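Basically my numbering = 1-based index in the sequence shown + 2.
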Amino acid sequence: MKEIKFNWEEGINEISKEIKKYKKIGLQIPEGLRTVASEIVERIEEYGPNVILWGEPTYGACDLADGPFADIKIEALIHMGHLPMPYHSDSYKIPVFFVPVRHSGNLELKKESIDKVKEILSDKIGIVSTAQHLHLIDSLKDRLKKEGIDAQTSEGGPRIAAAAQLLGCNSSVARKMKVDGFLYLGTGVFHPLTVALSTGKPVVNIDPHTAEVTVTNPDLFLRQRYAAIHAAYEAKRWAIMFSTHIGQKRMDLTEKLVI
3 MKEIKFNWEE GINEISKEIK KYKKIGLQIP EGLRTVASEI VERIEEYGPN VILWGEPTYG
63 ACDLADGPFA DIKIEALIHM GHLPMPYHSD SYKIPVFFVP VRHSGNLELK KESIDKVKEI
123 LSDKIGIVST AQHLHLIDSL KDRLKKEGID AQTSEGGPRI AAAAQLLGCN SSVARKMKVD
183 GFLYLGTGVF HPLTVALSTG KPVVNIDPHT AEVTVTNPDL FLRQRYAAIH AAYEAKRWAI
243 MFSTHIGQKR MDLTEKLVI
């Protein structure tokens, strides 16, 4: 298998003029870039600021370290690998620069992969993906069109920065499409499972690195959830958990449930 590479350099270059005015900048990077963390820090420091690297994992644009960095007088934050959530852009404690990280390879789909998609889905499908693979969607749509497949994308809700973009907590781009099923361009089961559960329609996955085609099956997840609900019937005391992340802090709902 070819080495999987991601392009982060262009994003740093795009914000170079802006970050020169800061002396101290915080940096958050996704797990996939940990092996090149020192290289990223060195590149940013070429433009002047000292960089403080956030040591904990980051799982999305809602998972920002702007608050902790503001507490220690860091002037700005570079958050890599995710797109901003437009609806919440006015709530940051310090300036936040979102740097895209894109899969640097081409999407190479063999005829066998397309045939497998056609076996499972109808001729009218919606395409969804995550931030690092969105730039590959146009070429995917063109390829599917040549095979007689009507492939569509859609804009999402106010938390979504780009057409066809999925968040783990938001599949509005899928729910807005009037299609018979979905093609997820990406890796992992978390995001396509969200689409399958929220739409009730079939979801086929294409790995952009290997072109492997798989199917998302929500049955196991649902059985586990129902088993947990059944077990919870025996509970006499309950704890209600809530999040402090951007877009997930629902204190009013938490208090209503307590009452």
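Glycine included, C-beta positions come from ideal geometry on N, C-alpha and C.
Keep in mind it's a predicted model, so treat the numbers as computed, not measured.
Of the residues the options, the one placed nearest residue i, counting alpha carbons only
i	options	result
E48	G69, G62, K23 and L35	K23
I14	M82, A237 and T37	M82
W56	Y89, T189 and I31	I31
K147	G128, G159 and W240	G128
Y61	L35, G159 and H211	L35
V103	S91, E121, I96 and H84	H84
L328	A166, E11, G188 and T212	No answer is possible for residue 328: the residues shown for the chain start at 3 and end at 261.
E149	V130, P70 and V119	V119
G188	K19, E11 and T218	T218
E41	I21, E11 and E257	E11
T216	V191, T196, H232 and A233	V191
Residue i versus residue j: straight-line alpha-carbon distance, rounded
i	j	result
G28	S173	30 Å
I17	I261	48 Å
F244	C171	14 Å
A133	K238	43 Å
S200	P51	43 Å
A176	K251	24 Å
N9	L136	13 Å
S156	L66	26 Å
S93	L168	22 Å
T246	D117	45 Å
I54	R161	28 Å
I74	K26	10 Å
E257	W240	13 Å
Residue interval of the beta strand (DSSP E) (run including residue i)
i	result
V130	K126 to S131
G183	G183 to L187
L168	Element bounds for L168: n/a, residue is neither H nor E.
F100	V98 to V101
I208	V205 to I208
V191	Looking at the DSSP string, V191 is not in any beta strand (DSSP E), and its letter there is neither H nor E.
I54	N52 to L55
N-terminal and C-terminal residue of the alpha helix (DSSP H) that residue i is part of
i	result
K23	Looking at the DSSP string, K23 is not in any alpha helix (DSSP H), and its letter there is neither H nor E.
I46	A39 to E47
D73	D68 to D73
Residue i in three-state terms, based on DSSP
i	result
M253	helix
L111	coil
R145	helix
I151	coil
H318	The structure shown has nothing for residue 318, since the chain only spans 3 to 261.
H84	coil
R104	strand
V175	helix
I14	helix
K78	According to the sequence displayed, residue 78 carries Ala and not Lys. Reduced to three states, the DSSP call for A78 is strand.
* Asked: Taking the runs of the beta strand (DSSP E) that are 3 residues or longer, which of them lie wholly in the stretch 210-240?
  -> 215-218
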